[in-house]
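Asker: Below is the structure I would like to discuss, written out as structure tokens.
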Amino acid sequence: MNDKIVMPVWTIGLFIVVMNTTMFNVSIPSIMQDLGITADLGSWVISSYSIGYALSTVIYSRLSDIVPIRKLLTVGLLVLGLSSVFGLFARDFNALLIARILQSAGAGVMAGLGLVLASRYVPIEKRGSAIAMISAGSAMAFGLGPIVGGLISEYLGWNGLFTITCLVLVILPVLVRLLPKENAAAFRFDILGALLTIVNAATLLLAVTQVSGAWLAISCLSLLVHAWHLNRSNDTFINPELLTNPAYCKLVTIGFCILVLNLGNLFLMPLVLAKVFDQSAMVIGLTIAPGAILSAFLTRFVGRWIDRYGNLRFLLIGHCILSLVMIAFYTALGASPLVILLGYLCFSPAFSATIASLNNETSRILPKSLIGSGMGLMQLIQFFGGSISVAVCGILLEVQKKTPLIYSYKHVYVVLFLIGLSSLGMLLWYKLTSPRVVSYGDK
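Counting in this note's numbering, the sequence shown runs from 12 upward without gaps.
Shown next as structure tokens:
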């Protein structure tokens with residue numbers, strides 16, 4: 012596989028998919044107004060896509076151990092592209108919701124298989140650069156999504172947002188031609204395990220987002236049933252070998268915490284700019300965009316540095332920068348919008364380097380037979396961190412209604428800082444307890 016061509020094209024596809032998760036955020040008010048729906052229904056335009064995206068990511072990753080990547084990619088991008096065409100003509104809430112759910116069913120193929128592809132076919136001495144490129148594409152999509160979404164919504168209406176994801180139909184034939192051919196393996200697919208994973212994920216997200224004890228009880232029950240299934244079955248959807256690997260479990264915990272910081276910060280920054288400084292959606296996007304653009308610009312350098320100096324060094328540096336930015340936001344948040352602009356200029360590249368190093372380290376410790384399931388589960392847990400972070404940040408702000416506005420945001424940033432410190436502690440524990448294999452970056 013020519014990774015110098017495949018990985019940039021794949022990153023473009025992933026950029027489109029990830030941006031699709033943020034473009035709709037700025038359009039929710041106009042969608043609610045045009046369709047005459049309540050805020051509760053409007054939130055499902057976002058959450059339905061988020062839940063489906065997370066689940067399809069781990070499903071595609073797991074299937075990549077037994078089904079050729081080219082076949083999975085064809086199915087995923089066709090579903091995403093055709094559902095986007097359908098969304099262009101959606102005129103009521105039910106049609107819009109169906110389009111978003113179908114989009115999510117296909118979108119997970121890019122995130123789910125990108126790391127698998129890099130881990131399987133990019134030589135280890137160049138893998139850091141490839142994974143860093145993927146991470147930077149995601150970071151830039153998060154930053155530019157609100158700007159693109161605002162522009163399209165203003166001039167084309169919210170249906171126009173589906174135009175962007177239709178572009179994956181152009182990328183599909185290019186990638187299918189470039190990807191290596193693989194042979195399908197004989198397998199028994201664990202349908203019950205896959206269904207239990209979906210139920211676990213959906214009920215836990217609903218429990219958090221709806222602050223529901225009933226959904227939490229259902230989620231706990233489903234987790235117990237899933238644990239029973241793992242103990243009595245062979246070739247399960249979630250490979251139990253992963254759950255008994257201490258090093259992998261530590262890295263998964265770190266990934267969860269890092270996404271809590273990233274999505275929590277991306278949720279809070281626009282609110283601060285809008286509520287404290289009365290900035291418009293377009294100005295908010297322009298404030299956040301420089302950090303995302305810088306992150307993408309630094310990709311080639313960060314990837315080379317990871318390959319040269321190793322994963323753990325950049326994990327440590329990244330953690331320190333992320334924590335320092337959280338403290339800076341806590342101390343100087345209300346001073347000026349420039350605090351957020353400068354803070355995110357540091358935060359976004361640090362996050363991209365950290366997540367790239369984390370994913371590269373995860374691919375390093377996993378045997379080839381567990382790459383697909385291991386990277387898929389890692390991404391699912393990371394996504395949960397981000398989803399739960401947004402919900403919890405919203406709840407923390409809600410319970411501080413009587414607190415002066417700027418202080419309520421500062422208090423949430425303190426919580427994020429503590430989570431960052433916890434992740435740093437887990438990283439140090441991993442560094443001290445995990446057996447090291449001397450390789451390209453550990454010199």
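Note that the Cβ used here is the ideal one computed from N, Cα and C, for glycine as well.
Since the model is a prediction, treat every value here as computed from it, not as a measurement.
1) Does DSSP put Lys421 in a helix, in a strand, or in coil?
2) Is Asn256 helix, strand or coil when you go by DSSP?
3) Could you say if the segment 426-442 and the segment 242-253 meet the contact criterion of at least three C-beta pairs nearer than 8 Å?
4) Does the separation of the CB atoms of Phe362 and Ile269 fall below 9 Å?
5) Is Ser72 helix, strand or coil by DSSP?
6) Here's a check: name, in chain order, each residue in its chain whose Cβ is nearer than 8 Å to the Cβ of Tyr60, leaving out the five neighbours to either side.
7) Below 8 Å on the Cβ atoms is my guess for Ala101 versus Leu93; work out the distance and round it to an integer in Å.
8) Compare the beta carbon distance of Tyr71 and Leu83 with 9 Å and say whether it is the shorter of the two.
9) Nearest by alpha-carbon distance to Ile406: which of Phe395, Tyr420 and Gln393 is it?
10) Just how far apart, CA to CA, sit Gly452 and Ile163?
11) Residues in its own chain within less than 8 Å of Leu46 by CB, not counting five upstream and five downstream?
12) Would you mind stating whether Leu183 and Thr174 have Cβ atoms separated by less than 9 Å?
13) Throw me the rounded Cβ distance for the Gly3 and Cys404 pair, which I believe falls under 8 Å.
14) Helix, strand or coil for Asn273, going by three-state DSSP, please let me know.
15) Based on Cα-Cα distance, which residue from Ser374, Gln411, Pro257 and Gly329 lies nearest to Leu443?
16) In angstroms, rounded to a whole number, what distance separates the CA positions of Ile399 and Trp226?
17) Since I believe Ser233 is in contact with Leu207 (beta carbons under 8 Å), could you give me their beta-carbon distance rounded to a whole number of angstroms?
18) Please go through the same chain and pick out, in chain order, the residues whose beta-carbon is closer than 8 Å to the beta-carbon of Ile16, but skip the five residues on each side of it.
19) Can you list, in chain order, the residues of its chain whose CB lies under 7 Å from that of Ile392, leaving out five sequence neighbours each side?
20) Considering only their Cβ atoms, is the gap separating Leu25 from Ser149 smaller than 9 Å?
21) Starting from the C-beta of Lys454, find all residues in its chain whose C-beta is less than 7 Å away, skip the five residues before and the five after it, and write them out in chain order.
22) Check each candidate in Leu282, Val56 and Leu186 and name the one with the smallest Cα separation from Gly98.
23) Between which two residues does the alpha helix (DSSP H) harbouring Arg188 extend?
24) According to DSSP, simplified to helix, strand and coil, what is Trp248?
25) So does the segment 132-150 actually touch the segment 357-371, counting three or more Cβ pairs closer than 8 Å?
26) Please go through the segment 306-344 and give each complete alpha helix (DSSP H) segment of 4 or more residues, from N-terminal end onward.
27) If we ignore side chains and look at the alpha-carbon of each, how far apart do Pro79 and Gly87 end up?
28) How would you call Ser450, buried or exposed, if buried means at least 16 neighbouring beta carbons within 10 angstroms?
29) Just verifying my parser: in three-state terms, what is the DSSP assignment at Gly160?
30) From Met280 to Ile332, what does the alpha carbon distance come to, in whole angstroms?
31) Is DSSP giving Asp201 helix, strand or coil here?
32) Mapping DSSP to helix, strand and coil, what is Gly47?
33) Need the endpoints of the alpha helix (DSSP H) that Arg243 sits in, please.
34) Whole alpha helix (DSSP H) runs in the segment 360-444 with 4 or more residues, listed along the chain?
35) Going by beta-carbon coordinates alone, are Ser38 and Leu172 separated by less than 9 Å?
36) Alpha carbon to alpha carbon, how far is Gly329 from Leu438? Give it in angstroms, no decimals.
Answerer: Reading off the structure:
1) Three-state result, Lys421: helix.
2) In this structure, Asn256 counts as coil in the three-state DSSP scheme.
3) Fewer than three beta-carbon pairs drawn from the segment 426-442 and the segment 242-253 are found closer than 8 Å, and the two stretches are therefore not classed as touching.
4) The Cβ atoms of Phe362 and Ile269 sit closer than 9 Å to each other.
5) Looking at Ser72 - three-state DSSP - the assignment turns out to be helix.
6) Result list for Tyr60: Asn31, Thr32, Phe35, Arg111, Ile112, Gln114, Ser115 and Ala118, in chain order.
7) Contact between Ala101 and Leu93 is ruled out by a C-beta separation of about 13 Å, above the 8 Å threshold.
8) Going by C-beta atoms, Tyr71 is nearer than 9 Å to Leu83.
9) If we check each option's Cα against that of Ile406, Tyr420 comes out closest.
10) For Gly452, the predicted model reports a pLDDT of 41, less than 50, meaning its position is unreliable; a value from the coordinates is still stated below. In a straight line, the C-alpha of Gly452 is about 44 Å away from that of Ile163.
11) Excluding sequence positions up to five before and after Leu46, its CB lies within less than 8 Å of the CB of Asp103, Phe104 and Leu107, all in the same chain and listed in chain order.
12) No; because the gap between Cβ atoms is not below 9 Å, this pair is not in contact.
13) Because the chain is modelled from 12 through 454, residue 3 falls outside the range shown and cannot be assessed.
14) DSSP places Asn273 in helix when its eight states are reduced to three.
15) Check the Cα spacing between Leu443 and each of Ser374, Gln411, Pro257 and Gly329: the tightest is with Pro257.
16) Cα-Cα distance, rounded: 14 Å.
17) Taking C-beta atoms under 8 Å as the contact rule, Leu207 and Ser233 qualify, at a distance of about 6 Å.
18) Within the same chain, Ile16 has close Cβ partners Leu189.
19) So the list reads Val263, Gly266 and Phe267, once near-sequence residues are dropped.
20) Taking a C-beta distance under 9 Å as the contact criterion, Ser149 and Leu25 qualify as a contact pair.
21) Bear in mind that the predicted position of Lys454 carries a pLDDT of just 39, short of 50, making it too unreliable to give a figure here.
22) Out of Leu282, Val56 and Leu186, Val56 has the C-alpha closest to the C-alpha of Gly98.
23) Counting along the chain, the unbroken alpha helix (DSSP H) around Arg188 starts and ends at Val179 to Leu189.
24) Reading off the sequence, residue 248 comes out as Phe, not Trp. In the structure shown, Phe248 sits in coil (DSSP, three-state: anything other than H, G, I, E or B).
25) Verdict: yes, contact present.
26) Listed in chain order, they are 310-320 and 322-343.
27) Rounded to whole angstroms, Pro79 to Gly87 spans 13 Å at the Cα level.
28) Interpretation of Ser450 is limited by its pLDDT of 41, a score under 50 that renders its predicted location unreliable; the figure taken from the coordinates is listed afterwards. Ser450 should be labelled exposed.
29) Annotated three-state conformation of Gly160 is helix, per DSSP.
30) The straight-line gap separating the alpha-carbon atoms of Met280 and Ile332 is approximately 17 Å.
31) Here Asp201 carries a coil assignment [DSSP, helix/strand/coil].
32) In the structure shown, Gly47 falls within a coil segment according to DSSP collapsed to helix, strand and coil.
33) Note, Arg243: alpha helix (DSSP H), Gly224 to Arg243.
34) At a cut-off of 4 residues, the continuous stretches assigned as alpha helix (DSSP H) that sit fully inside the segment 360-444 are 382-409 and 416-444.
35) At a Cβ-Cβ threshold of 9 Å, Ser38 and Leu172 count as neighbours.
36) CA-CA distance, Leu438 to Gly329, rounds to 11 Å.
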